[in-house]
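The numbering of the sequence shown is this note's numbering, which starts it at 1453 and goes up by one.
Virtual Cβ for every residue (Gly too), placed ideally from N, Cα, C.
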Amino acid sequence: MNRFEPYLDILKTALRRLDHWREEYGSELPYQPENIDTIEYIVDKLRIRLEDNYPFHHPRYAGQMLKPPHPVSWLAYSLAMTINPNNHALDGGPPTSEMEKEVMNKMAAMVGFRDTYLGHLTSNGTIANLEALFVAREIHPGKTIAASANAHYTHRRMCRVLNADFLEIPVDANGMPDLAFVKTHGDEIGTLVVTMGTTGLGYIEPLADLLELASEHNFRIHADAAYGGFFKLIENHLPKQHHWQLLSECDSIVIDPHKHGLQPYGCGSVLYKDPAAGKYFKHDSPYTYFTSDDLHLGEISLECSRAGASAAAFWATLELFPLDESGLGSVLKKTRNAAERFADLIRSENGWKLYNKPDLDITGYFKMPDETSLSAISRLNKTIFDTGMNKNQSGFFLSLFQLPASRFIQKFPDIRADRDHVTLLRSVFMKEEHLDFVDELAKQLFSIKPESSS
Ligand SMILES: *Cc1c(COP(=O)(O)O)cnc(C)c1O
């Protein structure tokens, strides 16, 4: 049996029932299946093209932040998509707009925005961050938006779009933002971006310290938790010094359901602590809103059309995996345990070095060559990366990570810095299945004998 067969039966039934609703409107245009053979041929051609992907579904794939969505999510998406509601306005899709509000209430409760908040889904984390930075610029026109050197690269880009000054905060050897630098520039800053789970190595930036500087210097805090946000659910199992409980003190927060929320792409989200942020979006388009005085999601968003199906998919997923420790949290615990287990294996293996202890479920590591220089390290680890990929179905799929030499040397001062950058290996263990596979992955890695790289 195909792994998706039971789900397809559910979809078939649901589609048939939904068709009854469609037919209630009469059958003036009877549905005639057309071109079935051609469609079958095209879909099979697509299937063949799709097999050129890396095996994102398999724990052998421990590279980038990629994994297939949960079946409940694509079932819900597929069903809703046959109607194709548009969540830009209530009239574009009343039920999926309601679902969007329901899931946002759950997200708000998760981050600890208790009484009031404003929030909605977006197409992705970049747009969600753009909105938050747009609000930041509107609140403090003329002031700077600051983010650490480890922040997502799109913050700088979006500041250019917004014509806002961007200030890069240097980071130390442990990847943490330089607090003295923030203090020095405190009065120029309007909003500071704190990344809760950097895209590179999953670092949690020092929220407590940054909040303190924020109140000292009167700047706002935007939490980019696009990757890490859902880890709030298992805060009791994460290092205390990460202060997840302070997330509710942030002025705005971005979390991507299409990263750790089991969703297909096209699902980010943004939340504002103060609903007054909505006033920067308000407009009255003459053609969009017709029937309701109720809140229109399009009124508090930079985007117009958005898939109602995304809201339906996330809503259905949260019915199955509630936003608590035993719901979605149970998935995150496994990914986190997988990363910790893998880090332990690297640490205790001769000739291998762990670059960072995982704050979440991402870790950087490398094999140390005989010749201890940055170029030798980069060559050897690139070879290991290639070896895994070249073995195809029996191999492993990691990612490469580039670090400036200066930062690497702070941690490993005995290495000769013969170039500007060093390339390490990096793994994102974001699938539950990783937990039972990391031992095998480590075994395969450790048994590689790449040809001498020096
Ligand atoms: C992934 C990510 C983004 C960008 O989000 P997209 O959904 O890819 O647009 C921004 N910030 C962080 C920390 C991320 O991990």
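For Ile1579, I'd like the list of residues in its chain whose CB is within less than 8 Å of its CB, leaving aside the five on either flank, ordered along the chain. On the sequence shown, residue 1579 is found 127 positions in, with the first residue counted as 1. Taken in chain order, the residues that qualify are Gly1720, Leu1754 and Glu1755.
Host beta strand (DSSP E) of Ser1721 (start-end): Counting from 1 along the sequence shown, the entry for residue 1721 is found at position 269. Element bounds for Ser1721: Gly1720 to Tyr1724.
Kindly examine ligand 1 and report whether one of its heavy atoms sits closer than 6 Å to the Cβ of His1604. Start at 1 with the first residue of the sequence shown, and residue 1604 comes out as number 152. Yes.
Per the contact definition of three or more C-beta pairs closer than 8 Å, is the segment 1698–1706 in contact with the segment 1716–1731? yes
Please find out if some non-hydrogen atom of ligand 1 comes closer than 6 Å to the beta-carbon of Asn1576. On the sequence shown, residue 1576 is found 124 positions in, with the first residue counted as 1. For ligand 1, at least one heavy atom lies less than 6 Å from the Cβ of Asn1576.
Assign Glu1657 to one of two classes, buried (16 or more other C-beta atoms within 10 Å of its C-beta) or exposed (fewer than that). By one-based count along the sequence shown, residue 1657 stands at place 205. Classification of Glu1657: buried, given that the 10 Å Cβ count is 16 or more.
Between which two residues does the alpha helix (DSSP H) holding Asp1465 run? By one-based count along the sequence shown, residue 1465 stands at place 13. Sequence check: residue 1465 is Thr here, not Asp. Unbroken alpha helix (DSSP H) run through Thr1465: Glu1457 to Glu1475.
Give me the Cβ distance between Val1634 and Ala1601, rounded to the nearest whole Å; I'm assuming they're in contact under 8 Å. Taking the first residue of the sequence shown as position 1, residue 1634 is located at position 182. Taking the first residue of the sequence shown as position 1, residue 1601 is located at position 149. Not really, about 13 Å apart at Cβ, beyond 8 Å.
Which of the three DSSP states is assigned to Thr1574 in this structure? Position 122 of the sequence shown, counted from the first residue, corresponds to residue 1574. If DSSP states are grouped into helix, strand and coil, Thr1574 belongs with the strands.
Tell me whether Ala1678 counts as near ligand 1, meaning its Cβ is closer than 6 Å to at least one heavy atom of that ligand. Translated into positions along the sequence shown, residue 1678 becomes position 226. Yes, ligand 1 has a heavy atom inside 6 Å of this Cβ.
Contacting residues, own chain, Cβ-Cβ under 7 Å from Leu1460 (five flanking each side not counted): Counted from its first residue, the sequence shown places residue 1460 at position 8. Closer than 7 Å at Cβ, skipping near neighbours: no residue.
Is Arg1512 helix, strand or coil by DSSP? As a first step, residue 1512 is located in the sequence shown; it is residue number 60 there, counting from the start. Arg1512: coil per DSSP, three-state reduction.
For the alpha helix (DSSP H) that contains Phe1837, what are its first and last residues? Indexing the sequence shown from 1 puts residue 1837 at position 385. Looking at the DSSP string, the run of the alpha helix (DSSP H) that includes Phe1837 is Leu1826 to Asn1842.
Cβ-heavy atom distance between Gly1949 and ligand 1 below 6 Å? Because the chain is modelled from 1453 through 1906, residue 1949 falls outside the range shown and cannot be assessed.
In the DSSP output, what is Asn1917 paired with across the bridge? With the chain running from 1453 to 1906 in the structure shown, residue 1917 is simply not present.
For Leu1433 and Ala1514, which I take to be in contact (beta-carbon distance under 8 Å), what is that distance rounded to the nearest angstrom? Absent from the model: residue 1433. The displayed extent of the chain is 1453 to 1906, so no value can be given.
Quick check on DSSP: helix, strand or coil for Leu1893? Here residue 1893 corresponds to residue number 441 of the sequence shown, with the count starting at 1. DSSP places Leu1893 in helix when its eight states are reduced to three.
Own chain residues within Cβ distance below 7 Å of Arg1799, not counting five before or after: Locating residue 1799 in the sequence shown gives position 347, where the first residue counts as 1. Once the five neighbours on either side are set aside, the close Cβ partners of Arg1799 are Leu1806.
What residue range does the alpha helix (DSSP H) around Pro1709 cover? Locating residue 1709 in the sequence shown gives position 257, where the first residue counts as 1. Counting along the chain, the alpha helix (DSSP H) containing Pro1709 begins and ends at Pro1709 to His1712.
Quick one: is the Cβ of Asp1872 within less than 6 Å of any heavy atom of ligand 1? Position 420 of the sequence shown, counting from 1, holds the residue named residue 1872. Because no heavy atom of ligand 1 lies under 6 Å away, the Cβ of Asp1872 does not count as near it: no.
Quick check: the Cα distance between Asn1538 and Ala1869, rounded to an integer number of angstroms? Here residue 1538 refers to the residue found at position 86 of the sequence shown. Here residue 1869 refers to the residue found at position 417 of the sequence shown. If you take the alpha carbons of Asn1538 and Ala1869, they lie about 54 Å apart.
Selection from Gln1715, Leu1698 and Leu1772 that minimises the alpha carbon distance to Lys1883: Locating residue 1883 in the sequence shown gives position 431, where the first residue counts as 1. For the residues Gln1715, Leu1698 and Leu1772, the minimum Cα distance to Lys1883 belongs to Gln1715.
Put Asp1888 into one of helix, strand or coil per three-state DSSP. As a first step, residue 1888 must be located in the sequence shown, where it is residue number 436. DSSP places Asp1888 in coil when its eight states are reduced to three.
At a cut-off of 6 Å, is Asp1891 close to ligand 1 when judged by its beta-carbon and the heavy atoms of the ligand? The residue you call residue 1891 lines up with position 439 of the sequence shown. Answer for Asp1891: no, Cβ out of range of ligand 1.
Are the segment 1682–1689 and the segment 1723–1733 touching, with three or more C-beta to C-beta distances below 8 Å? no
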